[in-house]
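Let me begin by presenting the structure, written as structure tokens, before commenting on it.
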Amino acid sequence: MALMSLTCFLAQAKDIPNEKLEDTMLFGDVRSGDEHIPFATVMVKGTTVGTAADASGHYKLVGIPEGTQQVVVSAVGFQPRSYELSFKTGEAVTLLAELETDDIGLEQVVVTADRSEKSRREASTIVSTISPRLFESTQSVTLSEGLSFTPGLRMENNCQNCGFTQVRMNGLEGPYSQILINSRPVFSGLAGVYGLELIPANMIDRVEVVRGGGSALFGSNAIAGTINLITKEPVQDIYSINSSISVIGNNGDTDFNLSMNGSIVSEDYRSGMSFYGFKRQRDPYDANDDGFSEMSTIENGTFGASFFKRMGLRSKLNLDYFFINESRRGGNDFDVPNHEADISEAVDHEINSVNLTFDQFMRDHDKLSFFAAMQHVDRGSYYGAEKDLSAYGHTKDLAYSVGSQYHRDIDQFLFSPSELVMGVEMSSDDLTDQKLGYFDLETMEHVGTTTITDQSVKTFGFFAQNEWVTNKWRLSLGFRAEHYAITDQADSNGDISGNVFSPRASVLYNLSESVQLRSSFAKGYRAPQIFDEDLHIETSGARQVIHENDPDLEQENSHSATFSIDLSQAFGRWQTQLLAEGFYTALENPFTNQYGAADENGRVVYTRTNAEDGAKVQGINLEFNASPGIRWMLQSGFTLQQSKYESPQEFDERRFFRTPNSYGYLALSYSPTESFKASLTGNYTGKMLVPYFGNTLDNPEAGQLNKVDPFFDFGLKVSQNLKLSDDFSVQLYAGAKNLFDAYQNDFDFGIDRDPGYIYGPLSPRTIYFGIKLGNIF
């Protein structure tokens with residue numbers, strides 16, 4: 007109801023009257039060579055005034071302030087360009103904009119570096135972008151399928167039953183990275199258990215990845231870096247419907263997906279709305295014919311919308327909302343209730359997320375922003391085996407973040423012009439985890455509902471960052487001061503608080519027009535709270551694995567540094583980019599797991615403790631992109647790294663488990679015509695150590711550490727566009743994921759299997775077909 011009321015307000019809100027502005031007008035077209043660029047964006051810098059070109063590349067813009075203004079013209083795949091124009095009442099100005107191609111995104115605008123729009127080349131920290139074009143080339147239905155096509159990132163599946171996934175960045179596991187939604191930290195640990203596979207790709211405009219913690223604007227717990235999901239914002243009137251069917255493996259199991267997108271923008275470009283929907287139904291997949299699934303069944307329904315309203319010349323209100331309803335289940339006997347199956351790991355999610363942002367340009371050179379974001383997760387679960395009635399659970403989580411940020415361009419501060427960013431932020435995460443009541447057949451008594459966790463984590467932060475700018479240098483110095491307080495109503499001894507000061511520094515040096523050097527340093531921490539893996543239980547007939555914190559668990563601290571060289575050079579029609587980025591992270595009191603022995607009920611506790619002597623993660627990310635024009639595009643990346651504790655841990659091993667020393671990706675696309683496209687993609691995963699506690703061992707409780715072989719997952723996709731009219735086209739496509747079926751061949755089996763023994767590609771060979779309808783592809 008509140009959302010509907012706010013929508014009505016946005017639709018009825020009126021701009022501040024100003025008779026002078028009604029007669030100023032800009033019109034023209036946007037071209038690249040002899041070709042018009044449809045749907046290019048035309049904005050007046052320092053204001054919220056803007057518009058988008060139509061399908062023919064022509065535009066008209068009214069309501070421009072009098073005087074000299076900077077007009078910025080941009081479009082996907084082209085270098086943005088700024089024009090200085092003068093406007094007077096009663097006069098129309100013509101601008102025939104000419105843009106140069108930017109096929110590999112060297113001049114792409116990003117926001118994750120300092121929460122303000124900036125060219126990637128001007129950002130003092132490296133920002134990697136996953137575009138809709140890459141999601142499409144790889145046939146990535148969800149966010150999780152596309153993340154591996156970025157340097158330093160690797161997706162992995164951690165559970166044979168339910169498909170609990172996480173993304174590793176620079177060799178550090180999932181909780182070391184901060185997932186942001188439109189730059190807001192509301193993606194909680196509960197959402198993170200399955201969230202990367204819950205989020206559909208069609209709701210994402212792009213994903214921006216910052217490796218390392220060189221920016222003070224994001225939380226000190228972003229030790230490995232940040233992954234920022236930017237949702238789609240209305241730019242022009244568009245619509246599309248996309249449907250695909252996939253056949254998984256050789257058993258005939260299917261994965262059906264249906265998505266839709268649309269947006270509507272007012273003629274004066276002062277208000278607009280975009281919306282998206284997603285429906286998915288996936289069958290369970292059994293890889294070794296033992297009757298138990300290796301891929302869970304999934305049913306996902308998602309709807310979301312984004313609204314904006316320009317409240318005058320210099321202010322803008324944005325509202326984003328999405329709802330996800332997802333059910334998944336792994337194990338066996340899917341047609342019976344969970345407690346009637348031999349093994350069942352099942353969860354039902356309802357996720358509501360909302361983000362409200364108000365931007366006010368004070369003058370041409372400063373901006374004040376206020377924001378409030380919230381995400382609520384309601385999850386019902388069952389993690390049980392052998393018809394266990396006590397395995398039902400219910401978990402709720404409410405995360406929110408509110409704050410403000412001030413950004414100012416300063417003409418001269420000390421020795422050069424600079425950009426100042428400062429702000430305050432308060433975030434909270436309230437988690438309640440319950441084990442539901444049941445009837446105990448042995449005692450013939452009812453056992454009541456038990457609260458396992460009732461935790462609240464509150465963080466108050468202040469950040470400031472100043473970036474000095476010269477022709478050659480960009481030097482950024484900043485800090486983030488935070489106070490965190492963790493309380494647990496279910497465990498009074500679990501209350502913890504602390505104060506953390508985290509300095510951040512980064513520098514960019516333009517050695518030449520084609521060579522850039524960057525370096526950054528950051529200090530971070532992880533508080534001893536509940537993490538995503540604590541909200542997942544590995545289940546089999548032989549044992550249940552539960553993660554807990556040691557009562558004496560202390561805060562983990564980190565010191566990280568990066569250094570990179572970025573070379574971009576044009577050779578005739580070829581645009582090329584080569585990036586080499588070294589990284590180093592030292593962990594103090596790093597969290598590690600101590601494996602406990604199984605009790606009489608098969609319950610095993612992995613206790614999170616602090617490793618005594620610390621740990622080090624170091625390596626190099628390599629990225630190479632090249633394109634001779636719009637017909638060819640090559641994107642590739644490779645990581646060489648090493649992750650070790652200073653002293654031996656479980657299995658008397660110093661190396662991190664499930665962490666290969668080498669991994670990479672490749673994506674090559676070719677469009678011989680405007681209507682046809684072929685894409686080749688691949689992911690390489692090197693050798694790694696994986697613990698095994700399965701039923702093939704003489705002593706499963708002691709376990710065994712296996713070194714698993716490398717994998718190369720190869721994909722192929724072809725598509726053909728059919729333009730039936732100016733505003734309606736059809737796209738037909740087909741392809742294969744993991745074409746050569748490079749899939750794990752030693753899964754554990756039976757009711758007593760080890761569900762945590764899973765590695766390699768996320769799916770076996772999968773053949774898919776699809777059709778897309780709409781007015782823009």
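Going by my numbering, the first residue of the sequence shown is number 7, and it counts up by one from there. Backbone N, C-alpha and C fix where the C-beta goes; we use that ideal spot for every residue, glycine too.
Limits of the beta strand (DSSP E) - the one that residue i falls within
{"i": "Pro509", "result": "502-516"}
{"i": "Glu203", "result": "Here Glu203 belongs to no beta strand (DSSP E); instead the alpha helix (DSSP H) covers 195-204."}
{"i": "Arg174", "result": "171-175"}
{"i": "Leu562", "result": "Here residue 562 turns out to be Glu, not Leu, going by the sequence shown. Where Glu562 is concerned, the enclosing beta strand (DSSP E) stretches over 562-577."}
{"i": "Gly780", "result": "772-780"}
{"i": "Met209", "result": "Taken as a continuous stretch (DSSP letters only), Met209 belongs to no beta strand (DSSP E), as it is neither H nor E."}
{"i": "Lys743", "result": "734-743"}
{"i": "Gln522", "result": "521-532"}
{"i": "Leu722", "result": "717-731"}
{"i": "Pro697", "result": "694-698"}
{"i": "Arg127", "result": "Careful: Arg127 lies outside any beta strand (DSSP E) and carries neither H nor E."}
{"i": "Asp436", "result": "422-441"}
{"i": "Ala293", "result": "No beta strand (DSSP E) holds Ala293; DSSP gives it neither H nor E."}
{"i": "Glu594", "result": "580-594"}
Inter-residue Cα distance where the pair is residue i and residue j
{"i": "Ala347", "j": "Glu300", "result": "16 angstroms"}
{"i": "Glu618", "j": "Trp580", "result": "52 angstroms"}
{"i": "Gln624", "j": "Pro666", "result": "13 angstroms"}
{"i": "Ser387", "j": "Ile764", "result": "22 angstroms"}
{"i": "Gly700", "j": "Gly602", "result": "16 angstroms"}
{"i": "Leu674", "j": "Val241", "result": "28 angstroms"}
{"i": "Gln648", "j": "Met175", "result": "12 angstroms"}
{"i": "Ser681", "j": "Lys729", "result": "8 angstroms"}
{"i": "Leu447", "j": "Leu395", "result": "9 angstroms"}
{"i": "Tyr774", "j": "Pro654", "result": "46 angstroms"}
{"i": "Glu554", "j": "Lys441", "result": "15 angstroms"}
{"i": "Thr107", "j": "Pro423", "result": "30 angstroms"}
{"i": "Ile782", "j": "Asn267", "result": "11 angstroms"}
{"i": "Ala311", "j": "Lys529", "result": "37 angstroms"}
{"i": "Thr455", "j": "Gly337", "result": "25 angstroms"}
{"i": "Val199", "j": "Ser189", "result": "20 angstroms"}
{"i": "Ile458", "j": "Gly741", "result": "46 angstroms"}
{"i": "Phe507", "j": "Ala487", "result": "5 angstroms"}
{"i": "Gln287", "j": "Gln366", "result": "43 angstroms"}
{"i": "Asp501", "j": "Gly195", "result": "18 angstroms"}
{"i": "Glu560", "j": "Asn163", "result": "28 angstroms"}
{"i": "Phe358", "j": "Pro138", "result": "According to the sequence shown, residue 358 is Asn rather than Phe. About 24 angstroms."}
{"i": "Thr465", "j": "Glu473", "result": "26 angstroms"}
{"i": "Tyr739", "j": "Ala81", "result": "25 angstroms"}
{"i": "His489", "j": "Ala197", "result": "23 angstroms"}
For residue i, the nearest candidate out of the options (CA to CA)
{"i": "Ser410", "options": "Leu362, Ala391, Asp394, Glu451", "result": "Leu362"}
{"i": "Ser125", "options": "Glu214, Asp719, Phe313", "result": "Glu214"}
{"i": "Lys285", "options": "Asp296, Ser525, Ser250, Tyr739", "result": "Ser250"}
{"i": "Asn344", "options": "Phe309, Tyr406, Glu392", "result": "Glu392"}
{"i": "Thr493", "options": "Gln535, Arg335, Leu514", "result": "Gln535"}
{"i": "Gly762", "options": "Leu779, His452, Gln575, Val696", "result": "Val696"}
{"i": "Met639", "options": "Gln85, Asp109, Ile70, Pro71", "result": "Asp109"}
{"i": "Pro86", "options": "Thr135, Val36, Asp417, Leu67", "result": "Val36"}
{"i": "Phe717", "options": "Leu319, Leu703, Lys693", "result": "Lys693"}
{"i": "Asp339", "options": "Gly780, Gly670, Ser302", "result": "Ser302"}
Anticipated Cβ contact below 8 angstroms, residue i with residue j, distance rounded
{"i": "Lys238", "j": "Ser280", "result": "5 angstroms"}
{"i": "Arg212", "j": "Gly158", "result": "Arg212 to Gly158, Cβ: 17 angstroms. No contact."}
{"i": "Gly152", "j": "Phe141", "result": "5 angstroms"}
{"i": "Val77", "j": "Val50", "result": "6 angstroms"}
{"i": "Asp439", "j": "Gly399", "result": "7 angstroms"}
{"i": "Gly429", "j": "Tyr412", "result": "6 angstroms"}
{"i": "Asn234", "j": "Leu186", "result": "4 angstroms"}
{"i": "Ile270", "j": "Ser566", "result": "Actually they do not touch by this definition, with Cβ atoms about 44 angstroms apart."}
{"i": "Ser526", "j": "Ser512", "result": "4 angstroms"}
Limits of the unbroken alpha helix (DSSP H) element including residue i
{"i": "Phe141", "result": "138-143"}
{"i": "Leu149", "result": "149-152"}
Segments of 3+ residues assigned as beta strand (DSSP E) that fall wholly inside the segment 295-323: 303-316
Secondary structure, beta strand (DSSP E): runs of 3+ residues fully inside the segment 610-692: 621-635, 638-651, 668-676, 682-691
Segments of 3+ residues assigned as beta strand (DSSP E) that fall wholly inside the segment 317-397: 321-337, 349-369, 372-391
Residue ranges of each beta strand (DSSP E) within the segment 219-256, 3 or longer: 231-237, 244-254
Runs of beta strand (DSSP E) lying entirely within the segment 54-87, each at least 3 residues, in chain order: 56-58, 64-68, 73-80
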